[in-house]
Amino acid sequence: IMSWLVEEERRAYDAAAAAGAAGIISVFPFDITPYLCYDGTNPFTGRMGSIPGVGLKKSEGEALQELLSAGEARAVLTLTGHTRSALTRNIISLVPGESDRILQVACHHDSMWSGATEDTAGVAAVLALAKKYAAVKPKLTLAFVLDAAECLVVIGSRAYIGRHVDE
158 IMSWLVEEER RAYDAAAAAG AAGIISVFPF DITPYLCYDG TNPFTGRMGS
208 IPGVGLKKSE GEALQELLSA GEARAVLTLT GHTRSALTRN IISLVPGESD
258 RILQVACHHD SMWSGATEDT AGVAAVLALA KKYAAVKPKL TLAFVLDAAE
308 CLVVIGSRAY IGRHVDE
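First residue of the sequence shown? That's 158 in our numbering, and the numbers climb one at a time after it.
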């Protein structure tokens, strides 16, 4: 599961690694804290594969560009963090329909940021649709899924798909 942004980040990473770079700094086109979310990444260490990397939000990238434009710049990057085990849960509601065929309506319910778009807006849309269709008998059976751990390589979504692959 990848977005255009993750695809572009991965393309740039692979090109840098193939060219022999010691590491990579990605500047995101938005002023949000970036994270790495695809196979082989570890957002806690910055490791994306054979070379380390870090993502900067737009304003941080612009500040770095100003420093580089002013002449030689030196920097030390220190990645810190911690890991701990935690339990995540998917939230699922099934609305039986006239058919056993299942249409899934889903989004993730976790977030690395505060705000109404990551992913509160998606949760609101899924809940509103679940409320609407719970009051009627839809043609298809509807599975409303709020999956967990999207920010950790979509493990909630992968677990749900793995359990329901035959459906």
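Even glycine gets a Cβ: it sits at the ideal position worked out from N, Cα and C.
Note that the coordinates shown come from a computational prediction; the quantities given were computed from them, not determined experimentally.
Practice prompt. Return the Cβ separation of I249 and V302 in integer angstroms, given the expectation that the two are a contact with Cβ distance under 8 Å.
Written response: I249 to V302, Cβ: 5 Å. Contact.
Discussion item. Taking contact to mean 3 or more Cβ pairs, one atom from each stretch, closer than 8 Å, check whether the stretch 292 to 299 and the stretch 255 to 269 are in contact.
Written reply: With the cut-off at 8 Å, the stretch 292 to 299 and the stretch 255 to 269 touch.
Worksheet item: Do F185 and G210 have their C-beta atoms closer together than 8 Å?
Response: It is not a contact, given that the beta carbons lie outside the stated cut-off.
Fill in: chain D contact for V311 (CB, 8 Å cutoff)
In summary, chain D is missing from the structure at hand, where a single protein chain is found.
Worksheet item: Using CA coordinates, which residue listed in V262, N247, A285, V280 is at the minimum distance from R315?
Response: The shortest C-alpha separation from R315 is found at N247.
Fill in: For L303, the residue or residues it bridges with in DSSP
According to DSSP, L303 bridges with I248, C264.
Discussion item. Quick check on the burial criterion: 16 or more other C-beta atoms within 10 angstroms. Buried or exposed for D188?
Written reply: The residue in question, D188, is exposed, as its Cβ has fewer than 16 Cβ neighbours within 10 Å.
Worksheet item: Do you know how far the Cα of D171 is from the Cα of G206?
Response: Roughly 9 Å separates the two Cα atoms.
Worksheet item: So V211 is in the beta strand (DSSP E); what residue range does that whole segment cover?
Response: Membership of V211 in the beta strand (DSSP E) is indicated by the continuous run 210 to 213.
Discussion item. On the DSSP bridge list, what partners appear for T298?
Written reply: BP columns for T298 point to I259.
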